[in-house]
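Here is the structure we will look at.
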Amino acid sequence: MVKLRKGAWIVVADGNKALLLRNLVEYPAPSFEVIAEQMPTVGADDLKPTDQSGRRADGGPNQKSAVAEPNWQQDARDRFAAELADLLYKRALKGAYDSLVLVASPKVLGALRPALHQEVARRVVAEIPKDLTNHPVPKLETLIKAEMDAM
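Start counting the sequence shown at 1; every next residue gets the next number (the UniProt record's numbering).
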């Protein structure tokens, strides 16, 4: 069982927004305050293609290759994960938190993990692979406590 310590930061994120929360009390009953809400600077709608993907000519006569369609949703998610990781790194350098809990969908966690600086990664005490961004803060307290108690 991982205990949520006083002063720990909790990041609840999906590909479109992230809530940064701070735990105000010691275990067992968490109480979160919202520190910030982070939104992506560039969304999937901003990364729309300017032309259709298609075919390109290869070296030989009458030879062509298909060009894959880019995944704009994934690109936007990766960009947002990098922005969030940068924010967490800057705050870690200022000593804003000692422990960090990451709560995000598996895809967002997958994009966020490699983007985290070592200084941030060593402060991660738990990862919860669920999308909880649409829940109010009191419900987040209950859900995150239950997940951490089960660890």
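For each residue, glycine too, the CB sits at the ideal point set by N, CA and C.
These numbers come from a predicted model, not from an experiment.
Are the beta-carbon atoms belonging to residue i and residue j less than 8 Å from one another?
i, j, result
"residue 11", "residue 116", "no"
"residue 20", "residue 8", "no"
"residue 148", "residue 34", "no"
"residue 104", "residue 14", "yes"
"residue 79", "residue 97", "no"
"residue 106", "residue 129", "yes"
Give every residue of the same chain whose Cβ lies closer than 6 Å to the Cβ of residue i, excluding the five residues on either side of it in the sequence, and list them in chain order.
i, result
"residue 31", "24, 25"
"residue 81", "111, 112, 115"
"residue 141", "30, 32"
"residue 139", "none"
Would you tell me roughly how many angstroms separate the C-alpha atoms of residue i and residue j, rounded to the nearest one?
i, j, result
"residue 86", "residue 100", "14 Å"
"residue 84", "residue 112", "8 Å"
"residue 18", "residue 132", "10 Å"
"residue 92", "residue 137", "23 Å"
"residue 151", "residue 62", "59 Å"
"residue 143", "residue 135", "9 Å"
"residue 73", "residue 39", "15 Å"
"residue 77", "residue 90", "20 Å"
"residue 16", "residue 118", "24 Å"
In the DSSP assignment, what residue or residues form a beta bridge with residue i?
i, result
"residue 12", "19, 103"
"residue 34", "21"
"residue 126", "101"
Whose C-beta lies closer than 7 Å to the C-beta of residue i among residues of the same chain, with five residues either side of it excluded?
i, result
"residue 127", "102, 109"
Could you pull out every residue in the same chain whose Cβ sits closer than 8 Å to the Cβ of residue i, ignoring the five residues on either side in sequence?
i, result
"residue 22", "7, 8, 9, 10, 32, 33, 35, 97"
"residue 27", "3, 4, 5"
If contacts are defined as beta-carbon pairs under 8 Å, then residue i and residue j qualify, I think. What distance do you get, rounded to the angstrom?
i, j, result
"residue 120", "residue 88", "5 Å"
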